[in-house]
Amino acid sequence: MPKIEWGILIVNYLFLGGLSAGIYFIAALATYLQEKDETAYARIARYGAMMAPWPVALGSLLLIFDLGNWWRFYKLFVHFRWQSPMSIGSWLLLLFTALTLVNFWAWLPEERRTALVARLRLPRWLDRDLAGSRRLLAAAGFPLSVGVAIYTGVLLGAVQARPFWNTNLVAQMFLFSALSTGCGVLILALSLNRKRLDATQLRFLYTLDICLITLEFFIVLPYLLHGELSVEAVRNSLALILGGPYTLVFWLLFMGTGLLVPLAIEVWEIAPALGSGAPLHHNRRLAALAAVLVVCGGYLLRYIFVYAGQLSSFSR
Amino acid sequence: MHDKRYALVIDSRKCINCKACVVACRAENQVPLGASRDWIGEEHRGTWPRLLAAFQPEQCHHCVNPSCVRVCPTGASYQRDDGVVLIKEEDCIGCRYCMIACPYNARFFREDKGVVEKCTFCAHRVDRGESPACVETCPSKVRVFGNLADPAGKLQQLLATRQFHVMKPQTGNDPQIYYLL
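Respectively, the protein sequence lines represent chains A and B.
The working numbering puts the first residue of the first sequence at 1, with every later residue one more than the last.
The working numbering puts the first residue of the second sequence at 317, with every later residue one more than the last.
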């Protein structure tokens, strides 16, 4: 039986990297879409810009501390190996984190920025208004955030020795799950704002998340179907979630409370807007619950895949 | 094709599970206790008097298409022209991606050094013209080490006249340990 080499630190990292990518992607979309020459969903864009850098930064630190020789991590950036998903991912991560920081700076209110430059004794040239570049930063973020989100899946999917992972559907699953967790965190941030609930912006997020969860659902299903119709080793590996140690956590916690329950809540939330044009149900608690469930579901997906995948192998 | 392609032919039926190869490897390569670069797989079947005990020596298969080398982000895992797959210890960051990518679980993590380690085919001995420690020590002559690229060599002779199989060929790694049937 193979040993577990990648543990909870890697699960956390895959989740946090995907979360940042998701937040950035959704916020970039909110920035990029315009109404009457103005950012259509400014609150989402600003919240996203403020939050995006931190999960990925923390995740990268976890990744470095998981290494056997953490001080050698710089070697990842001395070599570029196009055949290694980890090598490509490291570079993507570096570029993406830099972009999230620049974007953070571009959305920081002027007085905060000036205060920060003074407090941290940063060079004066940093205290500059980048608001004009926000759409450019958003556009640059589309490929980079999708790249970071999908690479976490490719990292696992590209390992042919582990039949549980070795399908390109894992990459798609991780991508849509990452975007959905980003959406979830933004829904949570918006619904926690006690002063006012912005119906238009929440509706935008709900609609997006419903699409993303549906996409994720219809990737998980073919993953199971293809696997069951595949060769013996793949079928045996799927037994880990179809009657094995990860069955309960996969079906009940991930598929149930992590995917279908939040989907139902979100559909219920926007249901009034579908018919009569009334805004939303506006249940702050339910909205927060759906958002938390989406985020937990994303975490569990990575947990299940990292652990179950390492237990799968060819028998002979 | 290169003029050298080191490989190992194993006649499992001769193996008596004495583990002299494991001990020889540990002594030769200072492998710490708790991990092994080579080991013996055991299979037991049936009940007395109709029974079978089969032993299969295992280690790194020094694959032609090593998945460990492909996934290594720093190039620490590499393949020599003669086919031997090695790890540059100073370039290994200890991410353990190679361990996950190896279909044979032939690699292990050294906590004391923070790097991954595995069988080297005793490259330091082979380069001096000697055979690997496990091959030299085997009392029942289970292991035949040699150059597969030599058409008149003992490996080609054995593989031309005996039936054999390789482990987990479906991964596409093209492993280079041949088990005689």
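The beta carbon of each residue, even a glycine, is placed where N, CA and C say it ideally should be.
Keep in mind that this is a model prediction, so the values were computed, not measured.
Item: What residues are listed by DSSP as bridge partners for Gly39(A)?; Value: A quick correction: the sequence has Thr, not Gly, at residue 39(A). Beta-bridge pairing links Thr39(A) to Gln34(A).
Item: Going by the beta-carbon positions, is the gap between Glu266(A) and Tyr206(A) smaller than 8 Å?; Value: yes
Item: Is it right to say Asn166(A) is buried, meaning 16 or more other beta carbons lie within 10 angstroms of its own, or is it exposed?; Value: buried
Item: Can you pull the DSSP bridge partners for Phe424(B)?; Value: Glu433(B)
Item: Between which two residues does the beta strand (DSSP E) carrying Leu122(A) extend?; Value: Element bounds for Leu122(A): n/a, residue is neither H nor E.
Item: Using a Cβ-Cβ distance cut-off of 8 Å, determine whether Lys75(A) contacts chain B.; Value: yes
Item: Candidates Met86(A), Leu286(A) and Tyr307(A): which alpha carbon is nearest Phe250(A)'s?; Value: Tyr307(A)
Item: Does any residue of chain A bring its CB to less than 8 Å from the CB of Val387(B)?; Value: yes
Item: Among Val146(A), Trp91(A), Trp107(A) and Ser133(A), which has the Cα closest to the Cα of Gly22(A)?; Value: Val146(A)
Item: Tell me the DSSP bridge mates of Asn463(B)?; Value: Tyr322(B)
Item: Is DSSP giving Arg329(B) helix, strand or coil here?; Value: helix
Item: Any C-beta of chain A within less than 7 Å: which residues of the stretch 424-441 of chain B qualify?; Value: Phe425, Gly430 and Val431
Item: For a contact meaning CB atoms closer than 9 Å, what does Arg316(A) contact in chain B?; Value: Met483 and Lys484
Item: Going by C-alpha to C-alpha distance, which of Ala343(B), Val458(B), Thr363(B) and Arg444(B) sits closest to Glu374(B)?; Value: Val458(B)
Item: Classify Arg284(A) as helix, strand or coil using the three-state DSSP reduction.; Value: helix
Item: If you check the beta carbons only, do Ser237(A) and Phe164(A) fall under 8 Å apart?; Value: yes
Item: So, Phe174(A) versus Gly275(A), is the Cβ gap smaller than 8 Å?; Value: no
Item: Here's the rule I'm using: 16 or more other beta-carbon atoms within 10 Å means buried, otherwise exposed. How should Pro419(B) be labelled?; Value: buried
Item: Under a CB-based cut-off of 8 Å, is Gly68(A) close to chain B?; Value: yes
Item: Between His226(A) and chain B, is the shortest Cβ-Cβ distance under 8 Å, so that the two count as touching?; Value: no
Item: Show which residues of chain B have a CB atom less than 7 Å away from the CB atom of Met86(A).; Value: Val387, Pro389, Cys411 and Tyr413
Item: Using 8 Å as the limit for Cβ to Cβ distance, is Pro382(B) near chain E?; Value: In the structure shown, chain E does not exist; the protein chains are A and B.
Item: So, at 6 Å on beta carbons, what are the nonlocal neighbours of Leu101(A) in its own chain, with the 5 sequence-adjacent residues on each side left out?; Value: Pro53
Item: Would you call the CB atoms of Trp6(A) and Gln310(A) closer than 8 Å?; Value: yes
Item: At the level of alpha carbons, what is the spacing between Pro272(A) and Asp198(A)?; Value: 16 Å
Item: At which residues does the beta strand (DSSP E) containing Gly357(B) begin and terminate?; Value: Trp355 to Thr363
Item: In chain B, which residues lie less than 8 Å from Ala158(A) when you measure between Cβ atoms?; Value: Val387
Item: Would you call the CB atoms of Val400(B) and Ala449(B) closer than 8 Å?; Value: no
Item: Look up Ser393(B) in the DSSP assignment and give the residues it is bridged to.; Value: Ile403(B)
Item: Do Leu190(A) and Met86(A) have their C-beta atoms within less than 8 Å of each other?; Value: no
Item: Between which two residues does the beta strand (DSSP E) containing Tyr74(A) stretch?; Value: Run containing Tyr74(A): none; DSSP gives neither H nor E here.
Item: If you run the structure through DSSP and keep just helix, strand and coil, what is His226(A)?; Value: helix
Item: Under the DSSP definition of a beta bridge, which residues are partnered with Ala370(B)?; Value: Glu359(B)
Item: Indicate whether at least one CB of chain A lies closer than 8 Å to the CB of Cys299(B).; Value: Any property of residue 299(B) remains undetermined from this structure, which presents chain B solely from 317 to 497.
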